[in-house]
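Asks: Can you read through this structure? Questions will come right after.
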Amino acid sequence: MNPVFMFVLLLLVTSAPVDAAGGNGIPLNSTGVNAWGGRTSNKLSIPQSAYPRQDADFPKKFSFTKLDDRGRKLPDNAASWHCVQDNVTGLVWEGKTSDNGLHDISHTYTWYNSDDGCNGGRDGMSGEPDDAICNGVTGGCDTEKFVRAVNAAGWCGFRDWRMPSIEELGSIVDYGRSMPAIDPGFFPNMPQPAGFWTATSFAPEPSFAWIVVFDEGGITHCVKSWAYHVRLVRGGR
């Protein structure tokens, strides 16, 4: 099996006990891996009988649907959309913009969750007001305030947006792509570097939380006081 994917699976399993979003148990999505790994090489074009049951032995495609500002389905070739529905997991993802508004993909936020039952024991850092970093969020640039602002706006007609768990955000990584490792036809204008916060605290040290880096699809943990990008999710629970 591809060593990168094996590493991702281990991270997802070990992080589950402190999942603040409660998103465990979502349907298994595609990984995008369409090549095989052998004893000494990766990215091979033919199956490896000595290393069976790799991702590429079970081809599966991602399936997304674009949604308009009221959550209605659009055709795949729609030039403008506001949210994206994952037809495999049932999750609906916040569509990002490049207009310096509330949903601008370049905006970054510190990790903050004031609910002690969901923050792993450390609430993180409350953000300070800075329109250059997160225009449209009242009171400061942190994840909790951003969630509150998006729900107040009723993005795509929904008011139950939340931070994604590490399993949920990892489910839209496409390891068959890079720079970014996600389908640009549904998730365009990705920044670089593309580190996105999850709701999942890092169990050994809860002053850290997990992020997904969409440049190559890597997963790591960072201190909650650092500012990273955010893509909210809803549904699937």
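Numbering (the UniProt record's numbering), first residue to last: 1 to 237.
Positions of the beta carbon are idealized from the N, C-alpha and C atoms, including for glycine.
#1: In the DSSP assignment, find the alpha helix (DSSP H) that holds E128 and state where it starts and stops.
#2: With DSSP as the reference, label V223 as helix, strand or coil.
#3: At which residues does the alpha helix (DSSP H) containing A149 begin and terminate?
#4: Tell whether a beta-carbon distance below 7 Å holds between W111 and A50.
#5: By the 10 Å Cβ neighbour count, where 16 or more other Cβ atoms means buried, how is N119 classified, buried or exposed?
#6: Reducing DSSP to helix, strand and coil, say where I166 ends up.
#7: Buried or exposed: where does L28 fall if 16 or more other Cβ atoms within 10 Å of its Cβ makes it buried?
#8: According to DSSP, simplified to helix, strand and coil, what is S15?
#9: Would you list the one or two residues that DSSP bridges to L232?
#10: Can you tell me where the beta strand (DSSP E) with W197 in it begins and where it stops?
#11: Excluding the 5 residues flanking G157 on each side, which residues of the same chain have their C-beta closer than 6 Å to its C-beta?
#12: Find out if the Cβ-Cβ distance for the pair L102, G154 is shorter than 7 Å.
#13: Report the three-state DSSP secondary structure of G218 (helix, strand or coil).
#14: Roughly how many angstroms separate the alpha carbons of P75 and D86, rounded to a whole number?
#15: Assuming the contact rule is C-beta atoms closer than 8 Å, W161 and V173 should be a hit. Round their C-beta distance to whole Å, please.
#16: Which residue from P184, P204, F186, M179 puts its Cα closest to that of Q192?
#17: I'd like to know whether the C-beta atoms of G235 and V92 end up nearer to each other than 7 Å.
#18: Since R122 contacts S171 with CB under 8 Å, what's their CB separation in whole angstroms?
#19: Helix, strand or coil for C156? Go by DSSP, reduced to three states.
Replies: To lay it out plainly:
#1: Residue numbering aside, residue 128 sits at position 128 when the sequence shown is read from its first letter. Where E128 is concerned, there is no enclosing alpha helix (DSSP H), given that its DSSP letter is neither H nor E.
#2: Here residue 223 refers to the residue found at position 223 when the sequence shown is read from its first residue. Here V223 sits in strand by DSSP.
#3: Residue mapping note: residue 149 aligns to position 149 of the sequence shown, counting from 1. Here the alpha helix (DSSP H) through A149 covers 143 to 153.
#4: Position 111 of the sequence shown, counted from the start, is the residue given in the question as residue 111. Position 50 of the sequence shown, counted from the start, is the residue given in the question as residue 50. Going by C-beta atoms, W111 is not nearer than 7 Å to A50.
#5: Counting from one through the sequence shown, the residue named residue 119 turns up at place 119. N119 comes out buried.
#6: To locate residue 166, count along the sequence shown from 1; it is residue 166. In this structure, I166 counts as helix in the three-state DSSP scheme.
#7: Taking the first residue of the sequence shown as position 1, residue 28 is located at position 28. The Cβ neighbour count for L28, taken over all protein chains shown within 10 Å, is under 16; the residue is labelled exposed.
#8: For the purposes of this step, residue 15 is taken as the residue at position 15 of the sequence shown. Model confidence at S15 stands at a pLDDT of 38, short of 50, so the residue's coordinates are unreliable; what they give is reported in the following sentence. Of the three classes helix, strand and coil, the one that applies to S15 here is helix, per DSSP.
#9: Counting from one through the sequence shown, the residue named residue 232 turns up at place 232. None; L232 has no bridge partner.
#10: Residue numbering aside, residue 197 sits at position 197 when the sequence shown is read from its first letter. Segment 195 to 201, the beta strand (DSSP E) holding W197.
#11: As a working note, residue 157 is residue 157 in the sequence shown. So the qualifying residues of the chain are R70, G71.
#12: As a working mapping, residue 102 is identified with position 102 in the sequence shown. As a working mapping, residue 154 is identified with position 154 in the sequence shown. No, the Cβ-Cβ distance between L102 and G154 is not below 7 Å.
#13: The residue given as residue 218 occupies position 218 in the sequence shown. Three-state result, G218: strand.
#14: For the purposes of this step, residue 75 is identified with residue 75 of the sequence shown, where counting begins at 1. For the purposes of this step, residue 86 is identified with residue 86 of the sequence shown, where counting begins at 1. Approximately 14 Å between the Cα atoms of the pair.
#15: As a first step, residue 161 must be located in the sequence shown, where it is residue number 161. As a first step, residue 173 must be located in the sequence shown, where it is residue number 173. Between V173 and W161 the Cβ distance is about 20 Å, and since that is not below 8 Å, they are no contact.
#16: Residue numbering aside, residue 192 sits at position 192 when the sequence shown is read from its first letter. Taking the Cα of Q192 as reference, the smallest distance to any Cα among P184, P204, F186, M179 is reached at M179.
#17: Reading the sequence shown from its first residue, position 235 is the one you call residue 235. Reading the sequence shown from its first residue, position 92 is the one you call residue 92. In contact: G235 and V92 (Cβ atoms closer than 7 Å).
#18: The residue labelled residue 122 in the question sits at position 122 within the sequence shown. The residue labelled residue 171 in the question sits at position 171 within the sequence shown. Not a contact, Cβ separation roughly 25 Å.
#19: For the purposes of this step, residue 156 is identified with residue 156 of the sequence shown, where counting begins at 1. It is helical.
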